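Okay, structure first, notes after.
In the numbering used here, the protein residues as written are 1 to 402.
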């Protein structure tokens, strides 16, 4: 781990600090080019945009530029370390946008004293961008921030920790349940973690056919039940009349466990309480709720996914957000809607059932990858993602416009 720490620090420091730079997309090597890049030539697109704001998509980078914005209140699994500490993550997000979908990004770290101040900051800078990707903002504030920004802005606003995670969870879970001979509508589910990812995941699953009455949510204080008086309005949505109080109670007879919480919170004995052929998504990073070796030791009939790349079935948001924004930007979408998210889920789930390109096998040092218990989601370096997800998003935009 110490070696990883030093390699990571060196990667970020050398040969120049950080992971991003700004490059010009137009030549500026002669006096004539200088006069076009700046004064007097720049006045012409200024006039065109002044006459019609839509012309910004013709004459500036707005149509391919996304803001990745955070207040640093929920950085990865590290917590509230402030906006400046979130900058390496936001730069990293920008790298992934560019690498996987050729979307340009400015990372913006906001020191906002209140939810209202954060919202006003984003609204005030929004003319620069074609889309807004909210990142690493703590629940429950993230829900209000996203809701208000979606109401006030006419460009796509997407909180990846909520919806990006939800999309990948749904795609993997649909395939895992199919392999286990179970249906989304009938599956009894437990979700450990009732923050942004957990709540958004449950809502999207319901939109795709899961039953709310089959879901039990658990937070750090136990089962979210109707008798609790400490629940915020978002958790109250999932409070149920039940005698269950502990995670072990909830796991008894469950078909699905979804963990978006913290390390080592699930035991092998808990997994033994689950129904035959369970699905276990233990996605806490870097240490999952239960390690695969311990899960498989407890149950030989499960399908398991984690958030880590060194285990099979990584639930990785990079399968979603670059391509979702690529499709939304290309279609000039004003919002990212539930129908667009479902389109992404279906496209990802179907891709996993198709033959895997040779270049993907080489990238992962594998001789074979076929749809099954160790391959329920496409791999991040699969070149088909850029060909499948953005068109699916664009088609959903077009269908909603009809």
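All C-beta atoms in this analysis are idealised placements derived from N, C-alpha and C, irrespective of residue type, glycine included.
Just so we're clear, the structure is a prediction, and the values are computed from it rather than from any experiment.
What residues match up with residue i in a beta bridge as DSSP calls it?
i	result
residue 191	217, 258
residue 107	68
residue 314	306
residue 240	225
residue 133	68, 158
residue 279	256, 303
residue 75	79
residue 375	372
Do you know how far the Cα of residue j is from the Cα of residue i?
i	j	result
residue 242	residue 235	15 angstroms
residue 35	residue 43	10 angstroms
residue 338	residue 24	36 angstroms
residue 77	residue 60	36 angstroms
residue 306	residue 89	20 angstroms
residue 82	residue 368	43 angstroms
residue 231	residue 237	9 angstroms
residue 164	residue 321	6 angstroms
residue 148	residue 122	11 angstroms
residue 315	residue 217	20 angstroms
residue 45	residue 284	48 angstroms
residue 125	residue 131	11 angstroms
residue 62	residue 298	52 angstroms
residue 382	residue 183	27 angstroms
residue 141	residue 119	11 angstroms
residue 207	residue 27	49 angstroms
residue 331	residue 152	20 angstroms
residue 346	residue 372	17 angstroms
residue 112	residue 138	13 angstroms
residue 300	residue 247	21 angstroms
residue 154	residue 222	40 angstroms
residue 200	residue 79	19 angstroms
residue 385	residue 7	29 angstroms
residue 328	residue 107	19 angstroms
residue 3	residue 310	17 angstroms
For residue i, does the count of other Cβ atoms within 10 angstroms reach 16, so buried, or fall short, so exposed?
i	result
residue 102	exposed
residue 135	buried
residue 317	buried
residue 70	buried
residue 387	exposed
residue 133	buried
residue 415	Nothing about residue 415 can be reported from this structure: the residues present for the chain run from 1 to 402 only.
residue 313	buried
residue 33	exposed
residue 38	exposed
residue 293	exposed
residue 17	exposed
residue 11	exposed
Can you tell me the Cβ-Cβ gap for residue i and residue j, rounded? I've got them flagged as a contact below 8 angstroms.
i	j	result
residue 378	residue 341	Between residue 341 and residue 378 the Cβ distance is about 17 angstroms, and since that is not below 8 angstroms, they are no contact.
residue 171	residue 302	Actually they do not touch by this definition, with Cβ atoms about 18 angstroms apart.
residue 436	residue 280	Only positions 1 to 402 of the chain appear in this structure, which leaves residue 436 out of reach.
residue 72	residue 85	6 angstroms
residue 275	residue 189	Not quite, the Cβ-Cβ distance comes to about 11 angstroms (not below 8 angstroms), so this is no contact.
residue 447	residue 145	Outside the shown range of the chain (1 to 402) lies residue 447, about which nothing can therefore be said.
residue 175	residue 389	Going by Cβ atoms, the distance from residue 175 to residue 389 rounds to 16 angstroms, so no, they are not a contact pair.
residue 395	residue 343	7 angstroms
residue 109	residue 20	Their Cβ separation, rounded to whole angstroms, is 13 angstroms, which puts residue 109 and residue 20 out of contact at 8 angstroms.
residue 166	residue 177	With a Cβ gap of about 16 angstroms, residue 166 and residue 177 do not count as contacting.
residue 277	residue 162	Going by Cβ atoms, the distance from residue 277 to residue 162 rounds to 29 angstroms, so no, they are not a contact pair.
State yes or no: is the C-beta of residue i nearer than 6 angstroms to some heavy atom of the ligand ATP?
i	result
residue 86	Looking for the ligand ATP in the displayed structure turns up nothing, as the structure carries no ligands at all.
Beta-carbon of residue i versus every beta-carbon of chain C: anything under 7 angstroms?
i	result
residue 246	Absence of chain C from the displayed structure is noted, only one protein chain being present.
Is the number of C-beta pairs between the segment 363-371 and the segment 146-158 that are closer than 8 angstroms three or more?
-> no
The segment 245-263 contacting the segment 191-206, beta-carbon criterion three pairs below 8 angstroms | yes
Using 8 angstroms as the Cβ pair cut-off and three pairs as the minimum, do the segment 287-296 and the segment 59-68 touch?
-> The segment 287-296 is not in contact with the segment 59-68.
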